[in-house]
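Residue numbers (the numbering used here): 611 to 766.
What follows is one structure encoded as structure tokens, with my remarks underneath.
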Amino acid sequence: MELCTLAYDHPDSVKLIADLQQVYVDRYGEGDVTPVDPAEFAAPSGHFVVGYLDGVPVACGGWRAHDVAEHSLRPGDAEIKRMYVVEAVRGRGLARVVLASLETAARAAGRRRMVLETGLRQPEAIGLYRANGYARIDNFGVYRHHPESLCFAKDL
């Protein structure tokens with residue numbers, strides 16, 4: 611897979627994010643309501659990648675910086691958002707490649723910890739994060755009191 615750094619609002623990013631939002635609708639009855647500004651994913655305070663197989667966009671993910679302590683967030687955190695691999699190519703380790711790329715970019719940008727939110731109805735995501743060294747933390751942000759949300763962190 612070829613990973614390309616793209617804008618969050620690039621057409622290939624938008625298509626994959628829309629597909630991911632449909633997964634949320636299918637599993638939870640609604641899309642992700644987390645407020646997101648595409649500018650948050652631009653360097654130096656963010657990063658977004660799209661993975662391509664044979665020129666076709668098949669995976670994406672990004673992070674945005676957090677520099678204010680709030681709930682379980684700490685200054686220096688990078689929050690992972692919009693991790694997704696299209697269903698037809700799952701099981702090939704592509705999500706691990708995207709995740710490793712995001713961690714590398716966050717570390718290079720001076721971020722000290724990766725954080726994320728996922729849901730109870732996403733066992734494959736939970737498994738990916740746990741297998742890659744992420745540990746549960748208290749929920750943060752709009753999901754602070756959401757009963758189906760799980761938040762994780764990993765020191766970089």
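Heads up, the beta-carbon is just placed ideally off N, CA and C, and yes, glycines get one too.
Keep in mind it's a predicted model, so treat the numbers as computed, not measured.
Closest Cα partner of residue i within the set the options
i           : options            : result
residue 758 : 621, 642, 658      : 642
residue 596 : 637, 660, 638, 631 : Residue 596 is absent from the model: the chain starts at 611 and stops at 766.
residue 681 : 755, 649, 729      : 755
8 Å Cβ shell around residue i - same chain, five flanking residues per side excluded
i           : result
residue 635 : 641
residue 708 : 613, 659, 661, 669, 670, 671, 693, 695
residue 644 : 691, 727, 751, 752, 753
Contact check, residue i vs residue j, beta carbons under 7 Å
i           : j           : result
residue 626 : residue 667 : yes
residue 651 : residue 694 : no
Cβ shell of residue i (< 6 Å), same chain only, five flanking positions each side left out
i           : result
residue 612 : 662
Coil, strand or helix - residue i by DSSP
i           : result
residue 734 : helix
residue 725 : strand
residue 711 : helix
residue 751 : helix
Beta strand (DSSP E) segment containing residue i, residue limits
i           : result
residue 765 : 759–765
residue 674 : 666–676
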